[in-house]
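Take a look at the structure below.
Number of protein chains: 2
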Amino acid sequence: MPLFLNNDDVEKVITMKDTMEALEILYRELGEGKAVGAPRSDLHVPTAAAKNAEAPMAHYLKSMSGASPHFGTAALRFSSDIVTWRPAGDGIRREKLPTMPGNRWLGIVLLFSSENGELLAIMNDGVLQRMRVGGANGVATKYLARKDAETVGLIGSGWQAGTQVMAVCEARKIKKIKCYSPTKAHREAFARETSALVGVEIVPVDTQDEAVRNVDIIITSTNSRKPFLGKSSLVEGIHLSSMQRDEADDEALRICNPLVLHTQLTENNSTSSELAQFEREDFKLRDHPTTRGIDWKSLPTLPDLLCGRIQGRESEKQITGFVNNIGLGAQFAAVGAKVYAAAKARGIGREVPLDWFTQDVHP
Amino acid sequence: MPLFLNNDDVEKVITMKDTMEALEILYRELGEGKAVGAPRSDLHVPTAAAKNAEAPMAHYLKSMSGASPHFGTAALRFSSDIVTWRPAGDGIRREKLPTMPGNRWLGIVLLFSSENGELLAIMNDGVLQRMRVGGANGVATKYLARKDAETVGLIGSGWQAGTQVMAVCEARKIKKIKCYSPTKAHREAFARETSALVGVEIVPVDTQDEAVRNVDIIITSTNSRKPFLGKSSLVEGIHLSSMQRDEADDEALRICNPLVLHTQLTENNSTSSELAQFEREDFKLRDHPTTRGIDWKSLPTLPDLLCGRIQGRESEKQITGFVNNIGLGAQFAAVGAKVYAAAKARGIGREVPLDWFTQDVHP
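The listed protein sequences derive, respectively, from chains A and B. Quick note: the first sequence uses the working numbering, first residue 1, plus one each step. Quick note: the second sequence uses the working numbering, first residue 1001, plus one each step.
Put into structure tokens, the structure is as follows:
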């Protein structure tokens, strides 16, 4: 019987250790061509209300799927959001509005068994999504950072920064983390709360330079659309772990060897009506980062690294880098399988009859 | 609150009239670039059991999405099946196995509101899927057959043939249908049952030639992979309505004017691991029909016809043709909206809290 798991349920059973173990297996399978994923599908249509609204508004239905033979699972992740486009920095950025009752969003992962095709679970995607982003950076760190790395400079103190810290602490025996973000109160609260969570000292610092000075690993976890980290911060032996492409500048990325990208799979199924101009503006920001000097398509990927097509770190002096870009449906198949197994074992979640979803009609 | 609607529920409220009304609006919207759809995503991975099985076996996760601004809805349709490939005719054909408890299959349509993004309904896709196939042919018939058409020659007596009959009877005032299919008992049972359903005389006949002689409309509704209908059957003023591409041969299709294809959207997201050779065999059969003399990509589509980019029938003597090919996610947005409204009005279905699907976590 399919299990409904909300974010609280997922939070109870998910660990960064499990997440990274699952992703490590998955990236190897992806590299070997065993695990698979389809490009993301994005649909936008204007809402009826959009005609009278000041800013353009659209319904945005997103879906992505992937499967992992190792875990014997496939996942279909979807979200249904009302979005608007608002000026941000030097462009326009898409924003998801909490339009569901109670100011909520709708994002779901459906997990299927590849043994008999049955629907195993229906999970909120929020907690999973953040864990797998952090987890992907964590797996890269495991293969690229120095074995004796113990200090971290973190730029960013948002929601995603928390899982980045969990992941780096899982990948290496971290002793100290310095954290910088523009708002003092934010970085202080983040340091306090996250330190309690992972049991590692986190020190809020007043400048970016201070954060990245004398550390073994730099983590950037921001939504910046303008690179802010230059090559002067990347000293011998360091590992750079970026959550997205617009954080380190061209020069900084070019001295990383290897510089590994999360995936070469692209979002090429975008379809929309009447909103083309907004999408283009948004797209420019999301997918044509200002660091155009980098030929992203030429970069090796995390699957390449995990299946041995490229070497990870080979010396103490090397500067290595990882850049996370877009997500993969297959991540939810792998991490979702771990969550499902743990929830089943602990009796967590709400069951609904499988019959509600199946039919006696040949499809 | 999202409504669970199983096939029985859908069957209770869906009518061919509603289906064709919805599709007619949708195809016009598609032609105008207002309604949208993403290409279908197909994932295949081998099952663990496949290693020891005689025939190759895979988990097949399919998804497609589309949205209709007119109806203010978007749909995500997915199915999760265990498939095998078996010799069929001169190739290998994929077969979906009923592996769910009770020998069932899993196919679902999720219907969303484009006003606030909420999930409106979770419906089995079996009944809907058959109605929208018949309905698409019906809409084409409305625009392409002679206004005074009243006789039909039907080849095929399978499950899909039933909705083809419903559709043609909705499109024109049909007085008599002759039905041929290879197995006498099948065509007789079909004629009896379907006649009772639509209130039109249906006569089972012994040969294909007899079925298509002296009729105003020919309907082919088979799963043949070899064309069986030649141009000699297409007399002045007739309309040919094909459920798929391999029924009428090249010569027959070439004398149709216009010859309208359902859609040019292709299934270009197929991804699979270790099963590439089976997929290729299957693909050859499905997407490279033996009627290769036809340049499918050059054909106008049903959306082109509905929005007026091409003319429908202009004279009594013209021979017109329509060929259904692959389905569109947007069909489920349009027809699903009708079904949802009718089910709500009649209090049909099972509600679950929307909260089960939503979250307070920003996606």
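For each residue, glycine too, the CB sits at the ideal point set by N, CA and C. Keep in mind the model is a prediction, meaning the values are calculated, not measured.
Query: For the region 1318-1345 of chain B, enumerate the residues whose C-beta is nearer than 7 angstroms to any C-beta of chain A, in chain order.; Result: none
Query: Alpha carbon to alpha carbon, how far is residue 1187 of chain B from residue 1327 of chain B?; Result: 26 angstroms
Query: Looking at chain A, is there any beta carbon in it that lies within less than 7 angstroms of the beta carbon of residue 1357 of chain B?; Result: yes
Query: Can you confirm whether residue 47 of chain A, when its beta carbon is compared against all beta carbons of chain B, has any partner nearer than 7 angstroms?; Result: yes
Query: Rounded to whole angstroms, what's the CA-CA distance from residue 1255 of chain B to residue 1217 of chain B? Just pull it up for me.; Result: 15 angstroms
Query: Are the C-beta of residue 1111 of chain B and some C-beta of chain A separated by less than 7 angstroms?; Result: no
Query: Shorter than 7 angstroms from the beta carbon of residue 11 of chain A to some beta carbon of chain D?; Result: Annotation note: the requested chain D is absent from the structure, which comprises protein chains A and B.
Query: Have a look at residue 1047 of chain B and residue 336 of chain A and give me their C-alpha separation to the nearest angstrom.; Result: 18 angstroms
Query: Determine which residues share a DSSP beta bridge with residue 64 of chain A and list them.; Result: A/77
Query: Give the single residue among A/361, A/206, A/176, A/81 whose Cα lies nearest to the Cα of residue 185 of chain A.; Result: A/206
Query: With three or more C-beta pairs closer than 8 angstroms as the rule, is the region 187-205 of chain A touching the region 154-171 of chain A?; Result: yes
Query: Could you please give the first and the last residue of the uninterrupted beta strand (DSSP E) stretch that includes residue 1029 of chain B?; Result: Run containing residue 1029 of chain B: none in the beta strand (DSSP E); it sits in the alpha helix (DSSP H), 1016-1031.
Query: Consider the Cβ of residue 228 of chain A: report whether some Cβ of chain B lies at a distance smaller than 7 angstroms.; Result: no
Query: Quick check on residue 1104 of chain B - is its C-beta less than 7 angstroms from some C-beta in chain A?; Result: yes
Query: Helix, strand or coil, according to DSSP, for residue 228 of chain A in the structure here?; Result: coil
Query: Thinking just about the alpha-carbon of each residue, which of A/20, A/32, A/45 is nearest to the one in residue 1036 of chain B?; Result: A/45
Query: Going along the chain, which residues of the region 1079-1090 of chain B sit with their C-beta nearer than 7 angstroms to a C-beta in chain A?; Result: 1079, 1080, 1081, 1082
Query: Quick check: the Cα distance between residue 1002 of chain B and residue 1099 of chain B, rounded to an integer number of angstroms?; Result: 27 angstroms
Query: For chain B, check one thing: does any of its Cβ atoms lie closer than 7 angstroms to the Cβ of residue 257 of chain A?; Result: no
Query: Given residue 301 of chain A, which residues of its chain have a CB within under 6 angstroms of its CB, disregarding the five upstream and five downstream residues?; Result: 261, 263, 264
Query: Please state whether the Cβ-Cβ distance between residue 373 of chain A and residue 132 of chain A is less than 7 angstroms.; Result: Residue numbering for chain A in the displayed model covers 1 to 363; residue 373 of chain A lies beyond these limits and cannot be assessed.
Query: Please decide whether residue 1190 of chain B counts as near chain A, where near means a Cβ-Cβ distance under 7 angstroms.; Result: no
Query: For residue 1201 of chain B, which residues does DSSP report across the bridge?; Result: B/1176
Query: What would DSSP say about residue 358 of chain A, mapped onto helix, strand or coil?; Result: strand
Query: Any idea what DSSP makes of residue 1248 of chain B, helix, strand or coil?; Result: strand
Query: With a CB to CB cut of under 6 angstroms and the five nearest residues on each side skipped, what residues in its chain are close to residue 1176 of chain B?; Result: 1151, 1201
Query: Cβ atoms of residue 110 of chain A and residue 61 of chain A: under 7 angstroms apart, would you say?; Result: no
Query: How many angstroms separate the CA atom of residue 288 of chain A from the CA atom of residue 116 of chain A?; Result: Any answer about residue 288 of chain A is weak, because its pLDDT of 49 lies below 50 and its placement is not dependable; what the coordinates show is given next. Residue 288 of chain A and residue 116 of chain A: Cα-Cα distance of roughly 41 angstroms.
Query: Three or more C-beta pairs under 8 angstroms: does that hold for the region 1013-1028 of chain B against the region 1128-1145 of chain B?; Result: yes
Query: Cα separation between residue 305 of chain A and residue 154 of chain A?; Result: 24 angstroms
Query: Counting only beta-carbon atoms, is residue 1100 of chain B nearer than 7 angstroms to chain A?; Result: yes
Query: With a Cβ-Cβ cutoff of 7 angstroms, do residue 1342 of chain B and residue 1349 of chain B count as a contact?; Result: no
Query: Provide the residue span of the beta strand (DSSP E) that contains residue 42 of chain A, from first to last.; Result: 36-46
Query: Can you tell me whether residue 1159 of chain B is buried or exposed, with buried defined as 16 or more other CB within 10 angstroms of its CB?; Result: exposed
Query: Is there a Cβ of chain A sitting closer than 7 angstroms to that of residue 1289 of chain B, yes or no?; Result: For residue 1289 of chain B, the pLDDT reaches just 49, beneath the cut-off of 50, and the residue's location in the model is therefore unreliable, leaving the point undetermined.
Query: For the putative contact between residue 322 of chain A and residue 144 of chain A, defined by C-beta atoms under 8 angstroms, what is the C-beta separation to the nearest angstrom?; Result: 6 angstroms
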